[in-house]
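Reviewing the structure listed below.
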Amino acid sequence: MSYNIMRVAVFFDLPTNTKAERRAATQFRKFLLDDGFDMLQYSVYTRLCPNRDVAEKHMMRVQRNAPDSGSVRLLYLTEHQFANMYVIVGEKTVQERAIPTTQLAFF
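Numbering (my numbering), first residue to last: 132 to 238.
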């Protein structure tokens, strides 16, 4: 198995008009955290994966746990692409600074 480190980014916009919708949105956010995702912004979560196969496994988990309504999108990024992200306002999070692009991570 090769280690081509990737990030899985999940973007979502979920309705929160009713109590049931708020509960579903909260459960989805808790699922993402429990599955190893880190919150980048309120509706943007990322997860570090050692390769594409593991990234696809987590994509399937997101599909199974996504709420029935709203918008949920997923994007695969190489670690190099993620490291080249521009932060216009604010600062990089601890998770973004955690792994330099030249460092190899073993899981």
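Backbone N, C-alpha and C define an ideal beta-carbon position, used for all residues, glycine too. A quick note: this is a predicted structure, and the numbers were derived from the prediction, not measured.
With a 10 Å radius around its C-beta and 16 neighbouring C-beta atoms as the bar for buried, classify residue i as buried or exposed.
{"i": "Val225", "result": "exposed"}
{"i": "Arg178", "result": "buried"}
{"i": "Ile136", "result": "buried"}
{"i": "Val141", "result": "buried"}
{"i": "Leu171", "result": "buried"}
{"i": "Tyr176", "result": "buried"}
{"i": "Thr157", "result": "exposed"}
Ignore the nearest five residues each way along the sequence and tell me which others in residue i's own chain have a CB closer than 6 Å to its CB.
{"i": "Glu152", "result": "Pro146"}
{"i": "Ala155", "result": "Pro198"}
Can residue i and residue j be called in contact, C-beta distance under 8 Å?
{"i": "Asn196", "j": "Phe162", "result": "yes"}
{"i": "Arg160", "j": "Leu208", "result": "no"}
So, under 8 Å CB-CB, residue i and residue j are touching, yes? Tell me the CB distance rounded to an integer number of Å.
{"i": "Val203", "j": "Phe143", "result": "4 Å"}
{"i": "Val218", "j": "Leu205", "result": "So it is not a contact: roughly 22 Å between Cβ atoms."}
Where in the region 169-212 do unbroken runs of the alpha helix (DSSP H), each at least 4 residues long, occur, reported from the N-terminal end onward?
-> Counting whole runs of 4 or more residues, the region 169-212 contains the alpha helix (DSSP H) stretches 183-196.
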